[in-house]
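Undergrad:
Protein chains in written order, with our numbering: chain E, 167 to 345; chain Z, 167 to 345.
(1) Does any residue of chain Z bring its CB to less than 8 Å from the CB of residue 285 of chain E?
(2) Just mark residue 175 of chain E as buried or exposed, buried being the case when its beta carbon has 16 or more other beta carbons within 10 Å.
(3) Give a yes or no on contact between the segment 226-242 of chain Z and the segment 211-224 of chain E, applying the rule of three or more CB pairs nearer than 8 Å.
(4) Got a sec, what are the start and stop residues for the beta strand (DSSP E) residue 222 of chain Z sits in?
(5) Just mark residue 281 of chain E as buried or exposed, buried being the case when its beta carbon has 16 or more other beta carbons within 10 Å.
(6) Can you give me the start and stop residues for the beta strand (DSSP E) that residue 247 of chain Z sits inside?
(7) If contact is defined by three or more beta carbon pairs under 8 Å, each pair taking one atom from either stretch, is the segment 270-277 of chain E in contact with the segment 182-192 of chain Z?
(8) Which complete alpha helix (DSSP H) runs does the segment 251-301 of chain Z hold, if anything under 4 residues is left out?
(9) Against chain Z, with Cβ distances strictly below 8 Å, would residue 201 of chain E count as a contact?
(10) Given this structure, state the Cα-to-Cα distance separating residue 172 of chain Z from residue 231 of chain E, to the nearest angstrom.
(11) Since residue 319 of chain Z is in the alpha helix (DSSP H), which residue starts that stretch and which ends it?
(12) Give me the Cβ distance between residue 291 of chain Z and residue 215 of chain Z, rounded to the nearest whole Å; I'm assuming they're in contact under 8 Å.
(13) Tell me whether the beta-carbon of residue 319 of chain Z lies closer than 8 Å to the beta-carbon of residue 298 of chain Z.
(14) Distance, Cα to Cα, residue 342 of chain Z vs residue 317 of chain E?
(15) Just curious, the beta strand (DSSP E) that residue 189 of chain Z is in, first and last residue?
(16) Which residues of the segment 240-252 of chain E have a Cβ closer than 7 Å to any Cβ of chain Z? Give them in chain order.
(17) Quick one: is residue 231 of chain Z near chain E, going by C-beta distance under 8 Å?
(18) Compare the C-beta of residue 169 of chain Z against all C-beta atoms of chain E and say whether one is closer than 8 Å.
(19) Rounded to the nearest angstrom, what separates residue 237 of chain E and residue 198 of chain E at their Cα positions?
(20) Touching or not, the segment 322-339 of chain Z and the segment 250-265 of chain Z, by the rule of three or more beta carbon pairs under 8 Å?
(21) To the nearest angstrom, how far is the alpha carbon of residue 328 of chain Z from that of residue 170 of chain E?
(22) What's the gap between the Cα of residue 204 of chain E and the Cα of residue 219 of chain E?
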């Protein structure tokens, strides 16, 4: 594989927002020509697939304005400035579902859409779950559901999980169960 | 699950670009208050996990400006206006790898990052592959590698695939192989 990069010749910040910033880069290509690249900057996020002692998986149903539909997802949230991903994972799991986890470990890390965004998601597997009160943020309206492993497996195979991190995390859990 | 939505009260288009548009929506929340939602509009994309008759998986290595690194991904590309996803899949597979597929079917469809973007990816499984010349676009610089199933499995478990659609598609293939 030939390794190269695309040095930025000029950068324009189009938008600085609450969650995202948008930048326009004029870059130099490997053949010496120039092109423009649209880049969405995102602070990064975590997602948590939890499994309770009786084999249930907590899922969060919420309206997503970007896609204009209700989506069923694993608990997730964006990283606060300077926050360790594991701390974000603990916080988001507790805020959204009320659960605290005795065993939380990272099982994957990926870019959600590297063609235009730098968002990196760390996916955690949480077990040893202890129930407690949830406390969502002021502009979050979500409901928590608990599904069995066979229910999530069936829904996955039917293509019912329309959120990438959720489909990925459920597949990871199924691959681990099989092995 | 309580179903609700977030009607747009005001919308401002911040940016209209080559690949993405950026919108700022003032929305009404279920409690009657208002909030703002940043929305990246994207035409949608397809990704293709192919498997050759001798069990090899074509992967594409390319520099991604948004993440400032080389990434190894399955062939993929954005949908052209009005183009059927299956046509995009055929086109991108051929442009990037040279392969034509006799059997192309959709195995999943998901939003890459529904918290801020409407990008929907359709993932196709391609078999019956016939080699031919690749023809990449003017600003695309990529190299094609062919990996065995056991190589991609090992790399997946090590967390080497840092692109969401690629990690997801490889997991899908492994789950299908197991079943």
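Where is the CB? At the ideal position from N, CA and C, for every residue including glycine.
Computed from a predicted structure; not experimentally measured.
TA: In brief:
(1) yes
(2) exposed
(3) no
(4) Where residue 222 of chain Z is concerned, the enclosing beta strand (DSSP E) starts and stops at 222-230.
(5) buried
(6) Where residue 247 of chain Z is concerned, there is no enclosing beta strand (DSSP E), given that its DSSP letter is neither H nor E.
(7) no
(8) DSSP runs (the alpha helix (DSSP H)) wholly in the segment 251-301 of chain Z: 251-263.
(9) yes
(10) In this structure, the straight-line span from the alpha carbon of residue 172 of chain Z to that of residue 231 of chain E is close to 7 Å.
(11) 315-323 is the extent of the alpha helix (DSSP H) around residue 319 of chain Z.
(12) 6 Å
(13) no
(14) In a straight line, the C-alpha of residue 342 of chain Z is about 18 Å away from that of residue 317 of chain E.
(15) 187-194
(16) none
(17) It does; some Cβ of chain E falls within 8 Å.
(18) yes
(19) 44 Å
(20) no
(21) 18 Å
(22) Cα to Cα, residue 204 of chain E sits roughly 45 Å from residue 219 of chain E.
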